[in-house]
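Per the numbering used here, the very first residue in the sequence shown carries number 6; after that it's consecutive. All C-beta atoms in this analysis are idealised placements derived from N, C-alpha and C, irrespective of residue type, glycine included. As the structure is a computational prediction, the values presented were derived from the model and not from experiment. Below is one structure; the comments refer to it alone.
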Amino acid sequence: MNNDTFLLMLFVYSAPVVSGLLSIAFLHLAGNRKQGSMDMELRKPLTAYFLTVAVNWTFAMLLLFAPAVVAGLNGLVYSLLLLVQVFLYHYLFILTADTGEKPFTFWHYILPVVIFVGLTLWAVQVPPEARMASIAVPAQSGDSGLYTCNLSLNDPSLAWYNAAVRSKPLVRTLYSLIYSILAVRRILRYRRRIVNFSADTENTSLGWLLFTIALAFPLFLTPMIVALASPYKALVTFLGAFPSIILFIQLPVLCYYTVTHRYVLLMQTDATDTDSGTEITTGKIERQQLEEFMTSSKPYLKADLKITDLAGPLKTNRNSLSSFINTTYGMNFSQFINGYRLRELDALRADGKYIRLDNLELIHKAGFGSYHAYYRAKKQQDKLKLLPLDE
């Protein structure tokens, strides 16, 4: 490997390390201190995810300088690659957990731990040259350099160890795909429920989390492709750099949307409204009381309105209020709030004071966060002609 290639790979491999460590710092320094205990609990597996990614890519850099060390820690390196998926799923599980749902089971951590213990004990009994071969790609035409090795794992006495080593890319790919499917299922279920608790579903429906999962999808196949492309060193080098670029983007996205609270926790555990600090009860809600509050206070003008913004002042909890709106008005919370926004928009358009405002400005003034949010609400409610943006 020439010096330019070495420096380039060192730079690329360091990107996820820097991104992971900076994300951890930002996550804990820029967090909202008013957030509840569940929000703080959410940060623990996310911190572990960032840290594990950083450690994994530190091992990748170490492979440039001391491959024998990485070979000796093969069990740890491999188990950390699996733990990455578990930490991310643990974070997502808390984010999408619903009231009454069983807590996250730590059985998810068992397999990576068993693999770590098993491979570590097994490697002690394997010759050092075989451990080196387990992290190398066979050399081609006398070539030498990173990812190349002239050693062989074809010794009959190492048949099982050989099989275990060669199965790692397939196991990693399957492991990643299984956890991604579980994650997408939970997000889709969350999106069906969030309309009962937030009137800003555009920002709280976890579209950003689906994006990060889609962004990481090529990473699932990388281990298998690397294994198949092992005779082509240039391709292997490129594929080794590709995941670091993806992670350099993914980690800040996860950090930013978590810190800015672009979600609503469905699981309610606190006895107070975390936004206002108001003690909540399960007192009876009156329709006249709710409608008078909506008319006088106009909470729907707040684009990121959540049901807790109403539950606190009405001295109730969000589940009771959500259920009341469902049964009394035959709609979810998002539809209920958007109905008030649409009526507010009609009033603004009829008011001569706002004749100089264009339609987009009126849409924002009525409480919609964007034209797309208005479009969806209008289309869902009455199929009437939408306001053009060019008037």
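Considering only residues of the same chain and omitting the five flanking positions on each side of residue i, which have a CB-CB separation below 7 Å?
| i | result |
| --- | --- |
| Pro108 | none |
| Leu367 | Leu350, Leu353, Arg354 and Tyr359 |
| Tyr96 | Leu47, Pro50, Leu51 and Tyr54 |
| Thr206 | Ile199, Val200 and Ser339 |
| Val60 | Leu85 |
| Gly357 | none |
| Ala102 | Leu271 and Met272 |
| Arg136 | Ala76, Gly77, Asn79 and Ala128 |
| Tyr262 | Trp213 |
| Phe121 | Gly80, Leu81 and Ser84 |
| Thr265 | none |
| Leu252 | Pro21, Ser24 and Val58 |
Once DSSP output is grouped into helix, strand and coil, what is the label at residue i?
| i | result |
| --- | --- |
| Lys370 | helix |
| Ser203 | strand |
| Lys173 | helix |
| Ile360 | coil |
| Ala188 | helix |
| Ser28 | helix |
| His377 | helix |
| Arg267 | coil |
| Thr332 | helix |
| Phe3 | Absent from the model: residue 3. The displayed extent of the chain is 6 to 396, so no value can be given. |
| Ser19 | helix |
| Ala135 | helix |
| Asp4 | This structure leaves residue 4 out entirely; the chain is present only between 6 and 396. |
| Lys49 | helix |
| Phe291 | The question names Phe, yet the displayed sequence has Glu at residue 291. Correct three-state label for Glu291: coil. |
| Pro318 | coil |
| Ser210 | coil |
| Ala246 | helix |
| Met14 | helix |
| Met272 | coil |
| Gly105 | coil |
| Thr178 | helix |
| Thr125 | helix |
| Asn337 | coil |
| Gln385 | helix |
| Ala71 | coil |
| Gln255 | helix |
| Thr110 | coil |
Identify, in the order they occur along the chain, each residue of the same chain with its Cβ nearer than 8 Å to the Cβ of residue i, setting aside the five sequence neighbours on each side.
| i | result |
| --- | --- |
| Gln386 | Gln340, Asn343, Gly344 and Leu347 |
| Tyr94 | His113, Tyr184, Leu187 and Ala188 |
| Val74 | Leu67 |
| Leu319 | Ile290, Gln294, Leu295, Phe298 and Leu326 |
| Leu124 | Asn79, Gly80, Tyr83, Ser84 and Ala169 |
| Met336 | Ile330 and Gly344 |
| Gly374 | Asp205, Glu207, Asn208, Ala308 and Asp309 |
| Val91 | His113, Tyr114, Pro117 and Tyr184 |
| Ala35 | Val264 |
Can you give me the Cβ contacts of residue i inside the same chain, cut-off strictly under 6 Å, excluding the 5 residues immediately before and after it?
| i | result |
| --- | --- |
| Trp62 | Tyr18, Pro21 and Val22 |
| Cys260 | Ser28, Phe31 and Leu32 |
| Glu106 | none |
| Gly282 | Only weak support exists for where Gly282 lies, its pLDDT of 48 falling under 50; the value from the coordinates is given anyway. So no residue of the chain qualifies. |
| Asp4 | The chain is shown only over 6 to 396; residue 4 falls outside these bounds and no answer can be derived. |
| Phe5 | The structure shown has nothing for residue 5, since the chain only spans 6 to 396. |
| Ala378 | Glu207 |
| Gly25 | Phe55, Val58, Ala59 and Leu256 |
| Phe64 | Val75 and Val82 |
| Ala246 | Val17 |
| Val1 | The shown model of the chain, from 6 to 396, leaves out residue 1, and the question about it has no answer. |
To the nearest whole angstrom, what separates the beta carbons of residue i and residue j, a pair I think is in contact under 8 Å?
| i | j | result |
| --- | --- | --- |
| Met43 | Met272 | 6 Å |
| Leu214 | Ile192 | 6 Å |
| Tyr2 | Thr209 | Shown here, the chain extends from 6 to 396; a query on residue 2 therefore has no answer. |
| Leu87 | Arg190 | 20 Å between Cβ atoms; not a contact. |
| Ile312 | Ser203 | 7 Å |
| Arg292 | Thr332 | 11 Å between Cβ atoms; not a contact. |
| Leu15 | Leu69 | 6 Å |
Just grab the DSSP bridge partners of residue i for me.
| i | result |
| --- | --- |
| Lys311 | Ser203 |
Considering only heavy atoms of the ligand MG, does any lie closer than 8 Å to the CB of residue i?
| i | result |
| --- | --- |
| Phe329 | Ligands are entirely absent from the displayed structure, and the ligand MG is therefore not among its contents. |
At least 3 beta-carbon pairs within less than 8 Å: the segment 49 to 59 vs the segment 252 to 260: They touch, by the three-pair rule.
Inter-stretch contact (C-beta, 8 Å, three-pair minimum) for the segment 195 to 202 and the segment 289 to 300: Judged by Cβ distances under 8 Å, the segment 195 to 202 makes no contact with the segment 289 to 300, as fewer than three pairs qualify.
Sufficient close CB pairs (3 or more, under 8 Å) joining the segment 73 to 84 to the segment 125 to 135: Taking 8 Å as the limit for Cβ pairs, the verdict is that the segment 125 to 135 does touch the segment 73 to 84.
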